[in-house]
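Sequential numbering from 79 applies to the sequence shown in my numbering. Cβ coordinates follow ideal geometry from the N, Cα and C atoms, glycine included. Everything numeric in this text was worked out from a predicted model, so none of it was measured.
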Amino acid sequence: MIAYDQILSQRAQSLRPSPIRRFFDLAETMEGVISLGVGEPDFRTPWPIRSTAIHTLERQAIVYGANSGLMQLRQEVSKFMARRYDLHYCPENELLITVGGSEGVDLAIRTLLNPGDEVLITEPCFVCYAPLVQMADGIPVALPTRQEDQFRLTAKRLRAAITPKTKLLILSYPNNPTGAIMEHKDYEAIVEVLKDTNIMVLSDEIYSELTYGTKHCSIASFEGMRERTIVINGFSKAFAMTGWRLGWMAAPNPIIEQARKIHQYGIMCAPMISQRAAIEALRSCDQEVARMVEEYDHRRRFLLSRFQAMGLYCFPPAGAFYLFPSIRSTGMTAEEFCEQLLMEEKVAVIPGSAFGESGNYNIRISYAYSLKHLAEAADRIERFLERRRLPAQNTEG
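Structure, rendered in structure tokens:
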């Protein structure tokens, strides 16, 4: 009998599985479940993108490519970032095409960290950051944000968390799971704290195109920040291309040079079909993206209205496609709420605790679903709350 606990990496064994998966796995064993848990667009990938992929297949142009990605694609990414965010990166040596935004995050972390380096991670946040820091022998340090601050990072909290070992700050705006954004005035204060340090910034901007009423602002656009910022973005969310697994990293050349080596040995290159399709996405799909954003906004306002009528306070998100309502008034923790809701009403949502301790009394709901789907789920949640005699109005927040 092989003693796998002795053979397997201690680092791998120390990582806990994604808390999100437990609820998905449980829901899959039940019939009639409505899931609001997946952060995946329900729209079909726009036809021009799919058509280009089909044409690529027909031409049998499915080969290895340059480690950095197709030059045509890097050129289009460069134009896109300049046009949309006034960010300017050289396609030859400041852009790297990655296998989804997730690989870009991993590359950035491994490129920067030495053992013992501390990484400040704004929370609540996507579940991958802390484990990736641990796998790079870094030390993740939670940097909680508060509902009272609209889940935005404040200069005061950042300053208090910095130590001589701080190497990197991870920002994720628009935010998963809260839907919060950072505006120009918010970043001004953060830049003031960072300007006299050697701290780098990893800015995960995968939801940059999904904002409602406020144009996305990148910290890399501020004076003195471009040289200390790695911007991660991709095609999954805005272009409904989750399964195409394609993203990009934008950073100064010295960083890209080192990240490319890790990418070269671990991945070689991103999928060629996806790369060629993504060129078309950036060239011709602005209108399709705008239509999807308009529909997300409609769903967002619908759910906010429903939760208000239920008396369940919900922070109004300004980006991404998630709601992060507080369930503190129910007297349950997020885990208890999600488990009981799933068992009693067969609605699957994600406990906010999966995204950091600051989410212990919140749940994450994705509105990347049809209005019909959302309406039925809202009806079930309302029944669930009524049985617990939730007060008609809750002014929390």
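- [ ] On a CA-only basis, which of Ala316, His341, His451 and Ala328 is nearest Gly397? Give me that one, please.
- [x] Sequence index remark: in the sequence shown, residue 397 carries index 319 (1-based). The shortest Cα separation from Gly397 among Ala316, His341, His451 and Ala328 belongs to Ala316.
Task: Nonlocal neighbours in the same chain, by C-beta distance under 7 angstroms from Thr292, ignoring five residues either side - done: Start at 1 with the first residue of the sequence shown, and residue 292 comes out as number 214. Within the same chain, Thr292 has close Cβ partners Ile259, Glu261 and Ala396.
- [ ] Please list the segments of the beta strand (DSSP E) lying wholly inside the segment 287–367, counting only runs of 3 or more residues, in order along the chain.
- [x] 307–312 and 325–328
TODO: Alpha carbon to alpha carbon, how far is His166 from Met159? Give it in angstroms, no decimals.
DONE: To locate residue 159, count along the sequence shown from 1; it is residue 81. To locate residue 166, count along the sequence shown from 1; it is residue 88. The alpha-carbon atoms of Met159 and His166 are separated by roughly 7 angstroms.
Task: For Gly312, the nearest candidate out of Pro119, Leu381 and Val155 (CA to CA) - done: Along the sequence shown, read from residue 1 onward, the residue named residue 312 stands at position 234. Closest by C-alpha distance to Gly312, out of Pro119, Leu381 and Val155, is Val155.
TODO: Kindly give me the distance between the Cβ atoms of Ile345 and Gln150, rounded to whole angstroms, as I take these residues to be in contact under 8 angstroms.
DONE: By one-based count along the sequence shown, residue 345 stands at place 267. By one-based count along the sequence shown, residue 150 stands at place 72. With a Cβ gap of about 19 angstroms, Ile345 and Gln150 do not count as contacting.
Task: Nearest residue (CA-CA) to Phe402, options Gly325, Ala329, Glu196 and Gly115 - done: Here residue 402 corresponds to residue number 324 of the sequence shown, with the count starting at 1. In terms of Cα proximity to Phe402, the closest of Gly325, Ala329, Glu196 and Gly115 is Gly115.
- [ ] Can you have a look at Glu86 and say buried or exposed, based on whether 16 or more other CB atoms are within 10 angstroms of its CB?
- [x] Position 8 of the sequence shown holds residue 86. It should be pointed out that residue 86 corresponds to Leu in this sequence rather than to Glu. Classification for Leu86: exposed.
TODO: Give the secondary structure of Leu165 by DSSP, where H, G and I count as helix, E and B as strand, and everything else as coil.
DONE: Here residue 165 refers to the residue found at position 87 of the sequence shown. Coil.
- [ ] Determine contact between the segment 227–234 and the segment 266–273, defined as no fewer than three beta-carbon pairs at a distance below 8 angstroms.
- [x] yes
- [ ] Name the residue from Thr176, Arg122 and Arg161 whose alpha carbon lies nearest to the alpha carbon of Ala144.
- [x] What you label residue 144 is simply residue 66 of the sequence shown in a count that begins at 1. Comparing alpha-carbon positions, the option among Thr176, Arg122 and Arg161 lying closest to Ala144 turns out to be Thr176.
TODO: Would you kindly check if the distance between the Cβ of Val211 and the Cβ of Ile240 is under 8 angstroms?
DONE: By one-based count along the sequence shown, residue 240 stands at place 162. By one-based count along the sequence shown, residue 211 stands at place 133. Contact: no.
TODO: For Tyr82, name the three-state secondary structure that DSSP assigns.
DONE: The residue you call residue 82 lines up with position 4 of the sequence shown. Here Tyr82 sits in helix by DSSP.
TODO: Would you kindly work out how many angstroms separate the C-alpha atoms of Ser250 and Gly434, rounded to a whole number?
DONE: The count along the sequence shown starts at 1 and reaches residue 250 at position 172. The count along the sequence shown starts at 1 and reaches residue 434 at position 356. For Ser250 and Gly434, the distance between alpha carbons rounds to 14 angstroms.
TODO: Please determine, among Gln353, Lys157 and Ile284, the residue with the shortest C-alpha to C-alpha distance to Thr130.
DONE: One-based indexing of the sequence shown puts residue 130 at position 52. Of the candidates Gln353, Lys157 and Ile284, the one whose C-alpha sits nearest the C-alpha of Thr130 is Gln353.
TODO: Assign Pro287 to one of two classes, buried (16 or more other C-beta atoms within 10 Å of its C-beta) or exposed (fewer than that).
DONE: Taking the sequence shown and counting its residues from 1, the one referred to as residue 287 is at position 209. For the sequence presented, residue 287 should be read as Glu rather than Pro. Result: buried.
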